[in-house]
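Working notes, structure below.
Protein chains: 2
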Amino acid sequence: MQEQVSISTAEDNADSTTLASRTFDSIKADIISGQLAQGSKIVESDLALQYGISRGPLREAIHRLEQMKLIIRVPHAGSRVVTLDTRMMEDIYTAREALEGMAARLAARLMPDDEIAALSALLDQHEAAIGETDGKAYFQREGDIDFHYRIAVASGNRWILENLNGELYQLIRMARHQSGQYPARAPTALAQHRQIAAAIAARDEELAEILMRRHISGAWQIVKQILEEQHD
Amino acid sequence: MQEQVSISTAEDNADSTTLASRTFDSIKADIISGQLAQGSKIVESDLALQYGISRGPLREAIHRLEQMKLIIRVPHAGSRVVTLDTRMMEDIYTAREALEGMAARLAARLMPDDEIAALSALLDQHEAAIGETDGKAYFQREGDIDFHYRIAVASGNRWILENLNGELYQLIRMARHQSGQYPARAPTALAQHRQIAAAIAARDEELAEILMRRHISGAWQIVKQILEEQHD
DNA sequence: CCTGCATAAATTGTCAACAATCTGATTGGT
DNA sequence: ACCAATCAGATTGTTGACAATTTATGCAGG
Numbered sequence: 008m009q010e011q012v013s014i015s016t017a018e019d020n021a022d023s024t025t026l027a028s029r030t031f032d033s034i035k036a037d038i039i040s041g042q043l044a045q046g047s048k049i050v051e052s053d054l055a056l057q058y059g060i061s062r063g064p065l066r067e068a069i070h071r072l073e074q075m076k077l078i079i080r081v082p083h084a085g086s087r088v089v090t091l092d093t094r095m096m097e098d099i100y101t102a103r104e105a106l107e108g109m110a111a112r113l114a115a116r117l118m119p120d121d122e123i124a125a126l127s128a129l130l131d132q133h134e135a136a137i138g139e140t141d142g143k144a145y146f147q148r149e150g151d152i153d154f155h156y157r158i159a160v161a162s163g164n165r166w167i168l169e170n171l172n173g174e175l176y177q178l179i180r181m182a183r184h185q186s187g188q189y190p191a192r193a194p195t196a197l198a199q200h201r202q203i204a205a206a207i208a209a210r211d212e213e214l215a216e217i218l219m220r221r222h223i224s225g226a227w228q229i230v231k232q233i234l235e236e237q238h239d
Numbered sequence: 008m009q010e011q012v013s014i015s016t017a018e019d020n021a022d023s024t025t026l027a028s029r030t031f032d033s034i035k036a037d038i039i040s041g042q043l044a045q046g047s048k049i050v051e052s053d054l055a056l057q058y059g060i061s062r063g064p065l066r067e068a069i070h071r072l073e074q075m076k077l078i079i080r081v082p083h084a085g086s087r088v089v090t091l092d093t094r095m096m097e098d099i100y101t102a103r104e105a106l107e108g109m110a111a112r113l114a115a116r117l118m119p120d121d122e123i124a125a126l127s128a129l130l131d132q133h134e135a136a137i138g139e140t141d142g143k144a145y146f147q148r149e150g151d152i153d154f155h156y157r158i159a160v161a162s163g164n165r166w167i168l169e170n171l172n173g174e175l176y177q178l179i180r181m182a183r184h185q186s187g188q189y190p191a192r193a194p195t196a197l198a199q200h201r202q203i204a205a206a207i208a209a210r211d212e213e214l215a216e217i218l219m220r221r222h223i224s225g226a227w228q229i230v231k232q233i234l235e236e237q238h239d
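So the sequences go chain by chain: L and P.
Following the working numbering, the numbering of the first sequence begins with 8 at its first residue and continues without gaps.
Following the working numbering, the numbering of the second sequence begins with 8 at its first residue and continues without gaps.
What follows is the structure, given as structure tokens:
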């Protein structure tokens, strides 16, 4: 078999150098895609067998997933896949608002002109994609996260980038994949992305931060509503 | 009466339930205090011997320290204690500014009245301490971080709290312990803390965030200056 | 004297067995 | 019938040996 899902997170350590690392990627993908259900118990021996490795590297993978908050572990008792409740998602979106707001500010200060042009081109692509698929593909294909990712990179702040890309985005992806697809607010999102890009191009740090925060805050309101409806 | 420092980290896994966890705490302390020098190589077998445990739990401890960015690890090659350069510290302070700014905003919205009173009392304590020791003790004793910690708690946002307390503060502590003690800007810091506390008491979210950001940004300017002087 | 390759030493990655701890059910008492 | 203590089963924590990989060493050739 071995064909695994491998949805990929932008950086593909598909055949990474170490067993633990590959297993980590596999389990991560399985959690995000929902093949490992939320709240389900993780039994080391079972998973080790399932992935065809020994418990050593598997434990390492689990520990990394714990730090990433995809798994919750209690000493001597075992670990479970995290359960995404409304409270946790709110914390995540709030943290994201603070971090990405700052990232947008820094991007407005530091992003090279050619990258700004590329960012604009990316949005053109998105617009075309929205036209073709009636907007559905925008979030499913994660073009949304793609935009945010570029700004995080442009911020030049490694800490912010690593935390957004390595943790927060993963959890948001997980929520998207599982709580059904999100509504077609693609045109709205695109328009806001354009505003943000414009502020960055104008080197207006203050505005870039404000717009980004408003954008994320608005996204949370939508997500929150969906979560609450589903919880009935 | 328990008065010891112990201010921080809240959870004392002094005699934690698992070997790996205790070792993790030990190594962390050794790195922060400088007993394990920056950039020094970490050899698993050596450390295992030194701490009197086998390589298994030690590896787990190292992995956790890696996630905390106190150690840098490259597959098959080994790990070294992180080297705090100016660039990294700037990233950390910038991220902290974003996160704590948000935390202050949330605290202004959510902090219970009695906790606000306690916060004010804490600042009185600090003022007394400054009077006694001429300000030196303020940063050495980490009363500073204590104040910030309380606000992070009051934010009610677990993600922000865990990242500040579990990662950013640790790195800042490390920088303090090693690059010599910081200057006596204690009175300034205290005054700013009072302003922030007042904004929270007044439930002025906007002001609380702005003041906190200015406070941290100012702190960075001082630290940056010291780092650059030392680097000559 | 320097460069490059082959070999050896050191170090990390992986494995399977053993010990410690927790969970759940069973049994006995009230 | 209900609660508590005890015991068995399952699961995690720990260990030491083995395999794979990298880094250092030394030798031959230019």
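Every residue gets a Cβ at the ideal spot worked out from N, C-alpha and C, and that includes glycine.
C-beta neighbour in chain P for residue i, strict 8 angstroms
| i | result |
| --- | --- |
| I99/L | yes |
| E235/L | no |
| E67/L | yes |
| Q228/L | no |
| A128/L | no |
Minimum C-alpha distance to residue i - residue among the options
| i | options | result |
| --- | --- | --- |
| M219/P | A159/P, R165/P, R183/P | A159/P |
| I79/P | H133/P, G46/P, E235/P | G46/P |
| V88/L | R94/L, E107/L, V50/L, G108/L | V50/L |
| S40/P | M181/P, H83/P, A208/P | M181/P |
| A27/L | A68/L, K76/L, Y156/L | A68/L |
| P82/L | I137/P, A105/P, T24/P, N164/P | T24/P |
| L178/P | M95/P, R66/P, A135/P | M95/P |
| I99/L | R165/P, G225/P, L77/P | R165/P |
| A115/L | A105/L, S162/L, D131/L | S162/L |
| G85/L | Q185/L, D53/L, A128/L, R103/L | D53/L |
| G202/L | R192/L, E97/L, L214/L | Looking at the sequence shown, residue 202/L is not Gly but Gln. Comparing Cα positions, the closest option is L214/L. |
| T195/P | E97/P, I137/P, R103/P, M118/P | I137/P |
| Q237/L | Q185/L, E104/L, Q42/L | Q185/L |
| I123/P | A206/P, E97/P, E235/P, R103/P | A206/P |
| A226/P | A209/P, E212/P, R183/P, A204/P | R183/P |
Boundaries of the alpha helix (DSSP H) in which residue i is found, first to last residue
| i | result |
| --- | --- |
| R71/L | 62-74 |
| V160/P | 150-161 |
| V230/L | 212-237 |
| R80/L | Element bounds for R80/L: not the alpha helix (DSSP H) but the beta strand (DSSP E), 78-81. |
| R192/L | Segment: none, R192/L is in no alpha helix (DSSP H) and carries neither H nor E. |
| D32/P | 26-40 |
| N170/P | 165-170 |
| D92/P | Here D92/P belongs to no alpha helix (DSSP H), and DSSP marks it neither H nor E. |
| A55/L | 51-58 |
| M240/L | Residue coverage of chain L in this structure runs from 8 to 239, which leaves residue 240/L outside it and unanswerable. |
| A266/P | Outside the shown range of chain P, which is 8 to 239, sits residue 266/P, and nothing can be said about it. |
Any C-beta of chain L under 8 angstroms from that of residue i
| i | result |
| --- | --- |
| Q45/P | no |
| E134/P | no |
| T25/P | yes |
| A115/P | no |
| R165/P | yes |
| Q9/P | Note that Q9/P scores 34 on pLDDT, short of 50, meaning its location in the model is unreliable; the coordinates nonetheless yield the value given after this. Cβ-Cβ to chain L under 8 angstroms: no for Q9/P. |
| M219/P | no |
| T16/P | Since pLDDT at T16/P reaches only 39, below the 50 mark, its modelled position is unreliable, and no value is offered. |
| H222/P | no |
Chain-ordered neighbours of residue i on chain L, where CB pairs are closer than 8 angstroms
| i | result |
| --- | --- |
| A252/P | The shown model of chain P, from 8 to 239, leaves out residue 252/P, and the question about it has no answer. |
Partners in chain P for residue i, counting only beta-carbon separations shorter than 8 angstroms
| i | result |
| --- | --- |
| Q74/L | R71, Q74 |
Interface partners of residue i on chain P, CB under 7 angstroms
| i | result |
| --- | --- |
| H83/L | T24 |
N-terminal and C-terminal residue of the beta strand (DSSP E) that residue i is part of
| i | result |
| --- | --- |
| S86/P | 85-88 |
* Pairing CB atoms from the stretch 101-110 of chain P with CB atoms from the stretch 164-173 of chain P, are three or more of them under 8 angstroms? -> Touching, yes, given that three or more Cβ pairs across the two stretches are closer than 8 angstroms.
* Touch test, the stretch 62-78 of chain P against the stretch 22-32 of chain P, Cβ-Cβ under 8 angstroms, three pairs minimum -> The stretch 62-78 of chain P vs the stretch 22-32 of chain P: in contact.
* Could you say if the stretch 120-138 of chain P and the stretch 150-157 of chain P meet the contact criterion of at least three C-beta pairs nearer than 8 angstroms? => Yes: the two stretches touch, three or more of their Cβ pairs being nearer than 8 angstroms.
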